[in-house]
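This report concerns only the one structure given below.
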Amino acid sequence: MLRLNLSTEPRWLDLGHGVRLLVEPLTTAIMLAARSDPTIVAAAGDADGSASNDDLARIVAKAVARIVVKDWEGVGDEDGKPLPLTPEGLDALLELWPIFEAFQTKYIAGALILDAEKNA
Numbered sequence: 004m005l006r007l008n009l010s011t012e013p014r015w016l017d018l019g020h021g022v023r024l025l026v027e028p029l030t031t032a033i034m035l036a037a038r039s040d041p042t043i044v045a046a047a048g049d050a051d052g053s054a055s056n057d058d059l060a061r062i063v064a065k066a067v068a069r070i071v072v073k074d075w076e077g078v079g080d081e082d083g084k085p086l087p088l089t090p091e092g093l094d095a096l097l098e099l100w101p102i103f104e105a106f107q108t109k110y111i112a113g114a115l116i117l118d119a120e121k122n123a
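If you read the sequence shown in the numbering used here, its first letter stands for residue 4, the second for the next number, and so on.
Structure below.
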C-alpha cells in the first residue's frame, strides 16, 4: 500500500555532520519548476552529450534545493559563525560529497521511489 503524507508543512531534514535543512515536501510542481532551471536546460540541451548522469544528478539536486530549502542549521564560516542561507551557499554545501549523498538519498530519492509497505 502506498501511504500518502498530505502535509504541506516544511520539515527538518538531518543530513549528518550537524547539518539540517528545512525543506518543503517534494512535489511534482517543484520537480517541474526545477526542470526549467537554466543550468538543467543547458545540460539537457548539451549538443555533444558531455554532461554525465552524475553531472545531471548534481545539477538537479542543486536546482531542487534552491526551490525547497527554506532555512538551514549547522553551516558556518571558517570561524564557526553561522552563515545565512543563500543560493550560492546552498550550492557550495551540496558540493560536499557526504551532504550531497544524504540530500539525494533522504530527500530526492526518498520522494521519487515508491516503496510498497507491508502491514505487520
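Just so you know, even glycine gets a beta-carbon here, dropped at the ideal spot from N, CA and C.
Remember, predicted model here, so these are calculated numbers, not experimental data.
With 16 or more other Cβ atoms from the protein chains shown falling within 10 Å of its own Cβ, residue 75 counts as buried. Our two residues, residue 90 and residue 44, have alpha carbons roughly 18 angstroms apart in a direct line. Residue 73 counts as exposed, since fewer than 16 other beta carbons sit within 10 angstroms of its beta carbon. At least 8 angstroms separates the beta-carbon of residue 18 from that of residue 70.
When only Cα atoms are considered, residue 39 and residue 93 end up about 18 angstroms apart.
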